[in-house]
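**Student:** The following block contains the structure, expressed as structure tokens.
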Amino acid sequence: MRPFGNTNKNIGVRKLTQPTGENGAHFKPVTRSNSLAKRGASAKPLDKENTKETADATLSMSNLSVKDPDTAEQKQTEPQSYSTAMLPAEVTDIDALDRGNVFLCSQYAKEIYNYLAELELQYPIRPNFLANNCEVTASMRSILVNWLVQVHAKFNLLQETLYLTIAVLDRYLQAASVSRTKLQLVGLTAMFIAAKYEEMYSPDISDYIYISDNSCTKSDIIKMEMTMLKALDFSLGRPLPVHFLRRASKAGDVPLTVHAMAKYLMELTVTDYGMAHIRPSLIAATSLWLSMKILDSGKWTTDLTYYGRYTMKEMEPVASKMCKLVISASSGSRRVIYNKYKSAKFESISCRPELLSQLVRDLAAKP
């Protein structure tokens, strides 16, 4: 590319001259003063009456005042979401400190959780949903879920993946009749679907075949996946207990140990057929309340009632069932979860002596 060089040498600038008329006289530029001077000879002077009217109009106009929007005092208010504006006066806005974090979506958090509560009603699990299934029993489901918990730990998957696996499994068992020989395939495919939905990098289909000791083929899993998704109408958005637990733990500002125990109590419920129909939000709220009660870590406040969505009276029957599971956790089919939370990764929470306290036994004794 050629350099431009000194561009001033290449550009000619013509010197401006005053325009001239036909007689060679120079024109003066038109200005306000020249225009008035030109009209001065022909303009008639104002009479006294016109002058007085003009002066009165000037005075009346001078009395009018117009506020400048830039300088006027205006009450500055921060933008609020609809749910924040409708927040009860006695409830703390737990999302206020997250306004600057775009990843937390604090402006929409309350609407999101209200929507999740609505989804609970759209995708319910009925009590005794295996009643119409001729071959699969509650005991078989419990054995399958325990095996899935082991597979979940082996693959090192997210908590959401485990709960979505159980949700897909129960919803499909509720919608279709499954033979005993196909039950493991259904459970494996439920985790295959959940992992693809939740995980960034889900296990390969060959890993599922290997973990099942080659009890099924790649074609079997793919065919079952299509069958299950059609039965569920491709709707996988049922809210999970872990979603509501995190929200409630934030509202209560609970210690990590309390949250860890709540996770343990919550996971014990996945193996129990009698609790499968309970709403995820109620499972989560009860887990946190019972954890706080066992560890003597605060009370169920107004904020927790609002964000947790349940009162203590509503949670007591569910807490009684959870305590029964806690007492029997170290033996039987729930030992898998007990051993899982026995590790240092989960602060050895299942070994805490408080779990065998008189408080737990008293709650378990209630109907």
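For the sequence shown, the residue numbers in this note's numbering are 9 to 375. Note that the Cβ used here is the ideal one computed from N, Cα and C, for glycine as well.
In three-state terms, what does DSSP make of V110?
**Tutor:** Start at 1 with the first residue of the sequence shown, and residue 110 comes out as number 102. Here V110 sits in helix by DSSP.
**Student:** Write down every uninterrupted run of the alpha helix (DSSP H) in the segment 230–282 whose length is 4 residues or greater and which is fully enclosed by it, in chain order.
**Tutor:** Counting whole runs of 4 or more residues, the segment 230–282 contains the alpha helix (DSSP H) stretches 249–260 and 264–276.
**Student:** Decide yes or no for the touch test of the segment 114–134 against the segment 284–302: beta carbon pairs closer than 8 Å, at least 3 of them.
**Tutor:** Taking 8 Å as the limit for Cβ pairs, the verdict is that the segment 284–302 does touch the segment 114–134.
**Student:** According to DSSP, is R317 helix, strand or coil?
**Tutor:** On the sequence shown, position 309 is the one that residue 317 refers to. In this structure, R317 counts as coil in the three-state DSSP scheme.
**Student:** Nearest CA to the CA of T265: which residue from S358, L165, F137 and T197?
**Tutor:** As a first step, residue 265 is located in the sequence shown; it is residue number 257 there, counting from the start. Nearest of S358, L165, F137 and T197 to T265, Cα basis: S358.
**Student:** Quick one: residues in its chain with C-beta nearer than 6 Å to the C-beta of K271, no 5 flanking neighbours on either side, listed in chain order?
**Tutor:** Position 263 of the sequence shown, counted from the first residue, corresponds to residue 271. Correct list: empty, nothing qualifies.
**Student:** CB S114 to CB D101, shorter than 7 Å?
**Tutor:** For the purposes of this step, residue 114 is taken as the residue at position 106 of the sequence shown. For the purposes of this step, residue 101 is taken as the residue at position 93 of the sequence shown. No, Cβ-Cβ distance for S114 and D101 is not below 7 Å.
**Student:** In three-state DSSP terms, what is N164?
**Tutor:** Locating residue 164 in the sequence shown gives position 156, where the first residue counts as 1. Coil.
**Student:** Classify Y123: buried if its beta carbon has 16 or more other beta carbons within 10 angstroms, exposed otherwise.
**Tutor:** Sequence index remark: in the sequence shown, residue 123 carries index 115 (1-based). Y123 comes out exposed.
**Student:** In its own chain, which residues sit with a C-beta less than 7 Å from the C-beta of S223, not counting the 5 before and 5 after it?
**Tutor:** To locate residue 223, count along the sequence shown from 1; it is residue 215. Correct list, in chain order: Q192.
**Student:** Using three-state DSSP, classify Y349 as helix, strand or coil.
**Tutor:** Translated into the one-based positions of the sequence shown, residue 349 becomes position 341. Coil.
**Student:** Is there contact here, the segment 241–258 with the segment 167–180, by at least three beta-carbon pairs under 8 Å?
**Tutor:** Yes: the two stretches touch, three or more of their Cβ pairs being nearer than 8 Å.
**Student:** What do you reckon, are the CB atoms on I154 and T277 nearer than 7 Å?
**Tutor:** Along the sequence shown, read from residue 1 onward, the residue named residue 154 stands at position 146. Along the sequence shown, read from residue 1 onward, the residue named residue 277 stands at position 269. Sequence check: residue 154 is Asn here, not Ile. Cβ atoms of N154 and T277: not closer than 7 Å.
**Student:** Just checking, does the segment 136–154 make contact with the segment 182–192 on the three C-beta pairs under 8 Å criterion?
**Tutor:** Contact between the segment 136–154 and the segment 182–192 is present, because at least three Cβ pairs lie under 8 Å.
**Student:** Closer than 7 Å by C-beta to Y156: which residues in its own chain qualify, once you throw out the five before and the five after it? Chain order, please.
**Tutor:** Position 148 of the sequence shown holds residue 156. Sequence inspection shows Leu at residue 156; the Tyr mentioned does not correspond to that position. T173, G195 and M199, listed in sequence order.
**Student:** Please classify M148: does DSSP put it in a helix, a strand, or coil?
**Tutor:** Position 140 of the sequence shown holds residue 148. Helix at M148.
**Student:** Can we count D241 as close to the ligand FMN, meaning its CB is less than 6 Å from some heavy atom?
**Tutor:** What this structure holds is no ligand at all, so the ligand FMN is not there to describe.
**Student:** Please confirm whether T319 and E98 have their CB atoms less than 7 Å apart.
**Tutor:** One-based indexing of the sequence shown puts residue 319 at position 311. One-based indexing of the sequence shown puts residue 98 at position 90. No, they are not a contact pair.
**Student:** Quick one: Cα of Y216 to Cα of I291, how far?
**Tutor:** Along the sequence shown, one-based indexing puts residue 216 at 208. Along the sequence shown, one-based indexing puts residue 291 at 283. So the alpha carbons of these two residues sit roughly 29 Å apart.
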